[in-house]
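Line by line, the protein sequences give chains D and E.
Residues in the first sequence are numbered consecutively from 2, following my numbering.
Residues in the second sequence are numbered consecutively from 1484, following my numbering.
Ideal Cβ placement from N, Cα and C applies to all residues, glycine included.
As the structure is a computational prediction, the values presented were derived from the model and not from experiment.
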Amino acid sequence: NAGVTQTPKFQVLKTGQSMTLQCAQDMNHEYMSWYRQDPGMGLRLIHYSVGAGITDQGEVPNGYNVSRSTTEDFPLRLLSAAPSQTSVYFCASRASGVETQYFGPGTRLLVL
Amino acid sequence: GENVEQHPSTLSVQEGDSAVIKCTYSDSASNYFPWYKQELGKGPQLIIDIRSNVGEKKDQRIAVTLNKTAKHFSLHITETQPEDSAVYFCAARDNYGQNFVFGPGTRLSVLP
């Protein structure tokens, strides 16, 4: 199993540009989440999904969209990037009824 | 909602000494508390967890204690080694039972 994979590893955007951060897992996990990690603030939940076709907002959803068309994939979209979205983004997944989360390696995003 | 505080933010210890990281949570309904280790350039990885019906749990050199009355839990690492150097995050499951709120992290440095 590859576990949780994320692409790209690093991205530089200009203010106003859009992009999609990809996340995929091959463990057939129902739950998937997106977090952002900023210095001194730990991991903050952006959006999450409890299964294909179901998504919900986390603590810091503004400026981000998600969709979950398949169990495996959970892309995160930035429609109009802002410097405040400069961060490291982590995708995580876990099986229903199991508390252990598995994190991807992260995407480092710089918005100029 | 749930709020998790974590102290200290940085911790330096000599190899072989013990390290203790403390967290407090706000929601008395929280019942699951994981600890994650994040090495440089990687995603967080679960190292130990504890449920609210247990006061202490050990796994080799790592232990976690929970005081439900005081709403705090701690990570104890004994006989520290250089490979223990990393950022450690505590977390608490939120009152909806689906997501986790993370502390801001502790950067542990084990000096040889």
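(request) Would you check if the stretch 1557-1570 of chain E and the stretch 97-113 of chain D touch, i.e. whether three or more CB-CB distances between them fall below 8 Å? (result) no
(message) Determine, for Ser97 of chain D, whether the minimum Cβ-Cβ distance to residues of chain E falls below 8 Å.
(response) Taking the first residue of the first sequence as position 1, residue 97 of chain D is located at position 96. So, not an interface residue.
(request) Would you kindly work out how many angstroms separate the C-alpha atoms of Trp1518 of chain E and Ser81 of chain D, rounded to a whole number? (result) Start at 1 with the first residue of the second sequence, and residue 1518 of chain E comes out as number 35. Start at 1 with the first residue of the first sequence, and residue 81 of chain D comes out as number 80. Between Trp1518 of chain E and Ser81 of chain D, the C-alpha separation is close to 34 Å.
(request) Would you kindly work out how many angstroms separate the C-alpha atoms of Gln12 of chain D and Val1537 of chain E, rounded to a whole number? (result) By 1-based counting over the first sequence, the position of residue 12 of chain D is 11. By 1-based counting over the second sequence, the position of residue 1537 of chain E is 54. Computed Cα separation, rounded: 43 Å.
(request) Could you tell me how far apart the beta carbons of Ile1560 of chain E and Ser1501 of chain E are, in whole angstroms, since I believe they sit closer than 8 Å? (result) By one-based count along the second sequence, residue 1560 of chain E stands at place 77. By one-based count along the second sequence, residue 1501 of chain E stands at place 18. With 8 Å as the limit, Ile1560 of chain E and Ser1501 of chain E qualify as a contact, their Cβ atoms being about 7 Å apart.
(message) Which same chain residues end up closer than 7 Å to Pro9 of chain D when comparing Cβ atoms and leaving out the 5 residues on each side of it in sequence?
(response) For the purposes of this step, residue 9 of chain D is taken as the residue at position 8 of the first sequence. Closer than 7 Å at Cβ, skipping near neighbours: Thr108.
(request) Pull up the DSSP beta-bridge partners for Thr8 of chain D, would you. (result) In the first sequence, counting from the first residue as 1, residue 8 of chain D sits at position 7. Thr8 of chain D pairs with D:Gln23.
(message) If we define contact as Cβ-Cβ less than 8 Å, is Pro106 of chain D a contact residue for chain C?
(response) Protein chains D and E are contained in the structure displayed, whereas chain C is not.
(request) Go through its chain and collect everything with a Cβ distance to Val1584 of chain E's Cβ below 6 Å, but skip five positions before and after it. (result) Translated into positions along the second sequence, residue 1584 of chain E becomes position 101. Same-chain partners within the cutoff: Glu1485, Val1487, Ala1575 and Asp1577.
(message) Between Val13 of chain D and chain E, is the shortest Cβ-Cβ distance under 8 Å, so that the two count as touching?
(response) Here residue 13 of chain D refers to the residue found at position 12 of the first sequence. False, the Cβ-Cβ gap to chain E never drops below 8 Å.
(message) Short of 9 Å Cβ to Cβ, which residues in the stretch 1501-1512 of chain E face chain D?
(response) none
(request) Below 6 Å CB to CB, which residues in the same chain sit around His1490 of chain E once its five sequence neighbours on both sides are set aside? (result) If you number the second sequence from 1, residue 1490 of chain E lands on position 7. Closer than 6 Å at Cβ, skipping near neighbours: Lys1505.
(request) May I have the straight-line CA-CA distance separating Lys1520 of chain E from Asn1582 of chain E, to the nearest angstrom? (result) Mapped onto the second sequence, residue 1520 of chain E falls at position 37. Mapped onto the second sequence, residue 1582 of chain E falls at position 99. The straight-line gap from Cα to Cα measures roughly 18 Å.
(message) Using beta carbons (cut-off 8 Å, strictly below), is Tyr90 of chain D in contact with chain E?
(response) Position 89 of the first sequence holds residue 90 of chain D. It does not: the Cβ of Tyr90 of chain D has no partner Cβ on chain E nearer than 8 Å.
(message) For the beta strand (DSSP E) containing Gly52 of chain D, name the first residue and the last one.
(response) Locating residue 52 of chain D in the first sequence gives position 51, counting from the first residue. Counting along the chain, the beta strand (DSSP E) containing Gly52 of chain D begins and ends at Leu44 to Gly52.
(request) Check whether the Cβ of Ser81 of chain D lies closer than 8 Å to any Cβ atom in chain E. (result) Counting from one through the first sequence, the residue named residue 81 of chain D turns up at place 80. Not one chain E Cβ lies under 8 Å of Ser81 of chain D.
(message) Cβ closer than 8 Å: which chain D residues qualify as neighbours of Gln1564 of chain E?
(response) Along the second sequence, one-based indexing puts residue 1564 of chain E at 81. Within 8 Å Cβ-Cβ: nothing; Gln1564 of chain E doesn't reach chain D, min ~23 Å.
(request) Taking Gln38 of chain D and Val89 of chain D to be in contact with their CB atoms under 8 Å, please state how far apart those CB atoms are, rounded to whole angstroms. (result) In the first sequence, residue 38 of chain D corresponds to position 37, counting from 1. In the first sequence, residue 89 of chain D corresponds to position 88, counting from 1. Their Cβ separation, rounded to whole angstroms, is 5 Å, which keeps Gln38 of chain D and Val89 of chain D in contact under 8 Å.
(message) I'd like the span of the beta strand (DSSP E) that includes Glu1539 of chain E, first residue to last.
(response) Locating residue 1539 of chain E in the second sequence gives position 56, where the first residue counts as 1. Taken as a continuous stretch (DSSP letters only), the beta strand (DSSP E) holding Glu1539 of chain E covers Glu1539 to Asp1542.
(message) Just to make sure I have the definition right: I need the residues of chain D whose C-beta is within less than 8 Å of the C-beta of Lys1520 of chain E. Which are they?
(response) Residue mapping note: residue 1520 of chain E aligns to position 37 of the second sequence, counting from 1. The contacting residues do not exist; Lys1520 of chain E stays about 11 Å from chain D at best.
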